[in-house]
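Visitor: Structure provided below as structure tokens; questions to follow.
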Amino acid sequence: MSQTLSIVKPNAATQGFTGSTTPISVSVQSPALFQILEFAVRAAQDSKVIGALVGQRSEDGSLYEVRDAYLVGHKDEGDEVTIEEAQHRAQLALHKRSHPKDTLLGWFSTSPKIDSFTTVIHEFMTKSSDGAIVNPAIHLTLEHDLQEGQTLKEVPTINTYIGTSIGASSAAAANLKIVYKGASYLFTPVANKITHGVSERAILNIASKQVFEEKQSVDILGGTGVDLASLSEHLSKMDTLIQSTIEYIESIEKGEVQANEEFGKFLLANLKNNVDSVNLEDLEKTFNSHIQDVLMIEYLTSSIKTQLDLSSKLATLV
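If you use full-length UniProt numbering, the sequence shown closes out at 318, no skipped numbers anywhere.
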């Protein structure tokens, strides 16, 4: 008998892989992160919360963008775990009605441990309603010091994993006439980052101000007032950042601090134009021209809207 061991490479298509060797990364949007944190705060100290992660996946499979999350009910009874599948499918269908491009990306847990229950839940989240294997699911764990009724003391640690199925699948087990006892998964850590849009940044800036102030409320202006205030604040921050950068460069030239090559490469890559070569008069003319263009666009938009409203009212009279 031959002593050779033959290992067949798994079919990438059946496992949900694209065959790309591009490193996988996970991008978690701030609304989804806040949802997960809220679930963790509301849960009891000794209970574990699990839920689904929904969002979009890039065509090459290198980026998972988590846009939302929702709870999935479950019960731990000894060595068994029961998942409320009907509730999970209903919430997923409801989410896809308002976000048709989103898909199920994986699941999250408020426990940082990876145990036998993790494999069972991951297998459930990896398969669709008809039992077919979808794209490789991600697993997000949240490590925190939250207790019921208390506030967050430290920044929670977020870890993300990609689950890779190992061993024989159910179909392969049937062909080999062996007993299938469920899939086994290898959880590989992948990089993750928290992203937020312009609206989330504005809300966070307003909320963060109250942390360092005694008053419990803040007045939010509407219209042009808040735009000018935001512009003034951003220009002030930019001026402070430029000034601190200049001071840092001067301290390097004087030999007071050691130079950072990565920081120098970053400045060289982003500062493509020489600031001294910019004519202030031309810059002022360009800026004023841009403002006039914006005002003209707003005027034309308002005029078109008024004409459309007038046309619709005249159409009802005819």
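We put the CB at the ideal spot given by N, CA and C, even for glycine.
Considering Cα atoms alone, identify which of Phe39, Glu59, Gly61 and Asp68 is closest to Val28.
Guide: By 1-based counting over the sequence shown, the position of residue 28 is 28. Comparing Cα positions, the closest option is Asp68.
Visitor: How is the alpha helix (DSSP H) around Ile291 delimited, first residue to last?
Guide: Numbered from 1 along the sequence shown, position 291 holds the residue referred to as residue 291. Looking at the DSSP string, the run of the alpha helix (DSSP H) that includes Ile291 is Leu280 to Leu317.
Visitor: Hey, out of Leu268, Lys113, Glu38 and Gln292, whose CA is closest to Phe187's CA?
Guide: Sequence index remark: in the sequence shown, residue 187 carries index 187 (1-based). With distances taken between Cα atoms, Phe187 lies closest to Lys113.
Visitor: Can you tell me where the beta strand (DSSP E) holding Asn159 begins and where it ends?
Guide: Locating residue 159 in the sequence shown gives position 159, where the first residue counts as 1. Counting along the chain, the beta strand (DSSP E) containing Asn159 begins and ends at Thr157 to Ile166.
Visitor: Less than 8 Å separating the beta-carbons of Asp81 and His74?
Guide: Along the sequence shown, one-based indexing puts residue 81 at 81. Along the sequence shown, one-based indexing puts residue 74 at 74. With the sequence shown as reference, residue 81 is identified as Val, and Asp is not the correct amino acid for it. Contact flag set, yes.
Visitor: Please state if the CB of Ile138 and the CB of Leu104 are separated by a distance shorter than 8 Å.
Guide: Along the sequence shown, one-based indexing puts residue 104 at 104. Along the sequence shown, one-based indexing puts residue 138 at 138. It is not a contact, given that the beta carbons lie outside the stated cut-off.
Visitor: Apart from the five residues on each side of it in sequence, which residues of its chain come closer than 8 Å, Cβ to Cβ, to Lys193?
Guide: For this step, residue 193 is matched to residue 193 along the sequence shown. Within the same chain, Lys193 has close Cβ partners Ser25, Val26, Ser27 and Val28.
Visitor: If we count Cβ pairs, one from each stretch, closer than 8 Å, do we get three or more for the stretch 157-165 versus the stretch 196-205?
Guide: Result no; under three Cβ-Cβ pairs closer than 8 Å.
Visitor: The beta strand (DSSP E) with Leu53 in it runs from where to where?
Guide: Taking the sequence shown and counting its residues from 1, the one referred to as residue 53 is at position 53. Leu53 -> beta strand (DSSP E) spans Ile50 to Arg57.
Visitor: Taking the C-alpha atoms as reference points, what is the distance between Ile297 and Thr245?
Guide: For the purposes of this step, residue 297 is taken as the residue at position 297 of the sequence shown. For the purposes of this step, residue 245 is taken as the residue at position 245 of the sequence shown. Cα to Cα, Ile297 sits roughly 37 Å from Thr245.
Visitor: Counting along the chain, where does the alpha helix (DSSP H) carrying Ile83 start and finish?
Guide: Numbered from its first residue, the sequence shown carries residue 83 at position 83. Unbroken run through Ile83 is the beta strand (DSSP E), Glu80 to Ile83; no alpha helix (DSSP H).
Visitor: So, Ala52 versus His88, is the Cβ gap smaller than 8 Å?
Guide: By 1-based counting over the sequence shown, the position of residue 52 is 52. By 1-based counting over the sequence shown, the position of residue 88 is 88. Closer than 8 Å, so yes.
Visitor: Report the three-state DSSP secondary structure of Ile114 (helix, strand or coil).
Guide: If you number the sequence shown from 1, residue 114 lands on position 114. Coil, per DSSP.
Visitor: Roughly how many angstroms lie between the CA atoms of Val257 and Leu231, to the nearest whole one?
Guide: Here residue 257 refers to the residue found at position 257 of the sequence shown. Here residue 231 refers to the residue found at position 231 of the sequence shown. Those two C-alpha atoms are separated by around 33 Å.
Visitor: Span of the beta strand (DSSP E) holding Pro189?
Guide: Residue mapping note: residue 189 aligns to position 189 of the sequence shown, counting from 1. Where Pro189 is concerned, the enclosing beta strand (DSSP E) stretches over Ser184 to Thr195.
Visitor: So, Leu142 versus Phe117, is the Cβ gap smaller than 8 Å?
Guide: Position 142 of the sequence shown, counted from the first residue, corresponds to residue 142. Position 117 of the sequence shown, counted from the first residue, corresponds to residue 117. Taking 8 Å as the Cβ cut-off, Leu142 and Phe117 do not qualify as a contacting pair.
Visitor: Here's a check: name, in chain order, each residue in its chain whose Cβ is nearer than 7 Å to the Cβ of Leu33, leaving out the five neighbours to either side.
Guide: Translated into positions along the sequence shown, residue 33 becomes position 33. Ile194, listed in sequence order.
Visitor: Which one of Val190, Gln292, Leu71 and Leu267 has the shortest CA to CA distance from Ser62?
Guide: Numbered from its first residue, the sequence shown carries residue 62 at position 62. The option with the nearest alpha carbon to Ser62 is Val190.
Visitor: Based on DSSP bridge pairs, tell me the residues matched to Glu143.
Guide: Sequence index remark: in the sequence shown, residue 143 carries index 143 (1-based). For Glu143, which the question treats as bridged, DSSP gives the partners Thr157.
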